[in-house]
Amino acid sequence: MREPGNKWAFTYYLPKQIPRELPLSTEIVTAMSDADAALGHLQGLGMVINDPSLLIGPFLRREALASSRIEGTQASLSELLQSEVDASTSDDDTDEVRRYLEATELAYTLAKSLPITQRLVLQVHEVLLRGVRGEEKNPGQLHTSPVWVGRAGATPESAAFVPPLPQHLPDLMRDWEYFVNEDGKQLPALIQAALAHYQFETIH
C-alpha cells in the first residue's frame, strides 16, 4: 500500500488477516507428515535423556546467534561462551546475544502458564532491548513511527521491506493473538506455528 500522508510518501506492506482455512496440497501434507515423524523421534530421544536442558542450551545459543546476525550483530559462538564465563570480555555484540537468550528464556517460562498475548510479547521485547543498542526504540511498546528493513543508511524508499504503519498494528496484533490462542488451533500445529511466525515477522 501507499502511505497516504505527506510526511512519508512510500510503499509499505499491509498483510491480510491470518487465514483460518487452507487448502493443503499432497506435497505439503507429505512434508508435514515427515516433519511430525521427526518431531516424534526427537521427543522420544528427549525422554531418555536425564537432563534435556543440556541439549536445549547449545541450541538456544545457536538460534540466538543466527537471529542476532540478521539484525547486524556480529558475534561468534566462542565469543559468546567466553563472555558468559568472563563478563569482562563482553562487548556490544555479545551483550545483545546474551539479552536475546534472556528474553527467549523468559518467553518460554511465561508461555508455560500464560496465553501468548500482546502483553507477553511486549514484556519479552522490553527485556530483549534493555541496556543494549536499540534501547532508545521504545522497548516494550509497539512502534509509533514507520520502521523498515534494509542496509545501513536505507530509507523507506530504498529499504528491502517496510512493514505495516503504526496505525495498523492494534488490529493486526489482535487478529494474531486470537489466531494463536483460539481459532488457529483447528489447524495442524505445524501449520499454525508457521502462519503465526510469518504474520508476526511481517507485522513487526
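Just so we're aligned, residue 24 is where the sequence shown starts under the numbering used here, counting upward by one.
Yeah, the Cβ is synthetic: ideal placement off N, Cα and C, and Gly gets one too.
**Length of the line joining the Cα atoms of Q164 and S91** = Going from the Cα of Q164 to the Cα of S91 covers about 20 Å.
* Asked: What are the residues that DSSP puts in a beta bridge with V3?
  -> Here the chain has residues from 24 to 227 only, and residue 3 is not among them.
Close-in-space but distant-in-sequence residues of the same chain around L129 (CB under 8 Å, 5 per side omitted): So the list reads Q146, V147 and V150, once near-sequence residues are dropped.
List the whole-angstrom C-beta distance separating A183 from V170, where the pair is believed to meet the contact cut-off of C-beta under 8 Å. Not a contact, Cβ separation roughly 12 Å.
Quiz item: Y36: which of A175, V203 and V185 sits nearest, CA to CA?
Solution: When the alpha-carbon of Y36 is set against those of A175, V203 and V185, the nearest one is in V185.
Three CB pairs or more closer than 8 Å across the region 185-201 and the region 31-50 = A contact exists between the region 185-201 and the region 31-50.
Mind checking S76: buried by the 16 CB within 10 Å criterion, or exposed? That one is exposed.
Margin query: If I follow the unbroken alpha helix (DSSP H) through L192, where does it start and stop?
Written below: L192 to N204
For T53, which of helix, strand or coil comes out of DSSP?
helix
Straight-line CA distance for L62 to G69? 10 Å
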